[in-house]
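Going letter by letter, the sequence shown gives residues 0 to 78 in numbering that gives the first Met the number 0.
So the structure is just underneath, and the comments pick up after that.
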Amino acid sequence: MTTISLTIPDSLHATVRDIVEREDMSLEQFIMLAMAEKASAIATETYLEARAKRGSREKFLAAMAKVADVEPPTEQDRI
């Protein structure tokens, strides 16, 4: 484990302190969860960008051409 020292605005600290008290968690838990969420979001964005570069409009249209041209079975399925 790594220990870090962090300086944050008093207003942010107060907001987070209220949240952790309401959620019955520690400040450390909240910070670790927030960091994990952000890291996951950035990793997902990077992954999707890489996947998008591998795609092509031609492959998309070929896949869509295989989809049956039928009406949705119920009104709820319609856009």
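We put the CB at the ideal spot given by N, CA and C, even for glycine.
Keep in mind it's a predicted model, so treat the numbers as computed, not measured.
Per DSSP, reduced to three states, the secondary structure at Asp9 is helical.
Two segments are said to touch when three or more pairs of C-beta atoms, one from each, lie closer than 8 Å; by this definition the segment 11-19 touches the segment 28-46.
In the structure shown, Arg77 falls within a coil segment according to DSSP collapsed to helix, strand and coil. In this model, Met34 and Thr45 are separated by some 16 Å (Cα to Cα). Straight across, the Cα-Cα distance linking Asp68 with Glu36 is about 40 Å. Secondary structure at Ser39: helix, using DSSP grouped into helix, strand and coil.
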